[in-house]
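With positions in the sequence shown counted from 1, the corresponding number in this note's numbering is that position plus 1.
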Amino acid sequence: MNMLDVEEDSFHVTREGYSYLSDSEWEVVGRMIVLMGEPAISGMLESLSRDQQHAAINKFLQSELAVERRKIALLQQLVSHQSMGGPTHMRRSKTLKIDVSRYKGIDEYSILRWFVELEDAIKARRIEGDEMQVTLALSNLTGRAKTWALTVKLHDLNVFESL
2 MNMLDVEEDS FHVTREGYSY LSDSEWEVVG RMIVLMGEPA ISGMLESLSR
52 DQQHAAINKF LQSELAVERR KIALLQQLVS HQSMGGPTHM RRSKTLKIDV
102 SRYKGIDEYS ILRWFVELED AIKARRIEGD EMQVTLALSN LTGRAKTWAL
152 TVKLHDLNVF ESL
């Protein structure tokens, strides 16, 4: 029997034709056929001696292993990179509640210092929306500052769209 079955001008590699190949080598031949096509593999097998066939199959298997090892190394590198670094807020599952001093609107208390406290609290609480940031700011006003802010807001509801 020929190593290749010829049907309607097409070649089919059969297991019987290459009975000297081990089961694992035959599985590799199947992957080679999927990757490169049956005509290319049947032509290669026909043109090579048995020793050369074993060597070609082994070389293909080694290249597959090298590709898989590179994938594993890349995945390990990604995992170690993610576990080593990254922003603190990515590692922390809960938000951190930082209190903000109440701003009274008197001269002895710096509004810039209050804004720094407010920004820190917004970041720690992970407040992203402008409306929620303004709400937090307004909730930390007291005295003259709160009276002024609410009076302005009564006249124009959109006056404090963002910080």
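All C-beta atoms in this analysis are idealised placements derived from N, C-alpha and C, irrespective of residue type, glycine included.
Of the residues Leu-36, Val-30 and Trp-149, which one's Cα is nearest the Cα of Ile-107?
-> Trp-149
For Leu-142, the residue or residues it bridges with in DSSP = Tyr-104
Taking the Cβ atom as the reference point for each residue, do Leu-119 and Val-135 lie within a distance shorter than 7 Å?
-> no
Close-in-space but distant-in-sequence residues of the same chain around Tyr-104 (CB under 6 Å, 5 per side omitted) = Trp-115, Leu-142 and Ala-146
Can you grab the Cα-Cα spacing for the pair Gly-144 / Glu-109, in whole Å?
-> 14 Å
Three-state secondary structure (DSSP) of Val-35 = helix
How about Arg-127 and Thr-96: do their beta carbons lie closer than 7 Å?
-> yes
Specify the secondary structure class of Val-135 as computed by DSSP and reduced to three states.
-> helix
With distances taken between CB atoms, is the gap from Asp-243 to Ile-99 smaller than 7 Å?
-> The structure shown has nothing for residue 243, since the chain only spans 2 to 164.
Distance CB(Ile-58)-CB(Val-14) smaller than 7 Å | no
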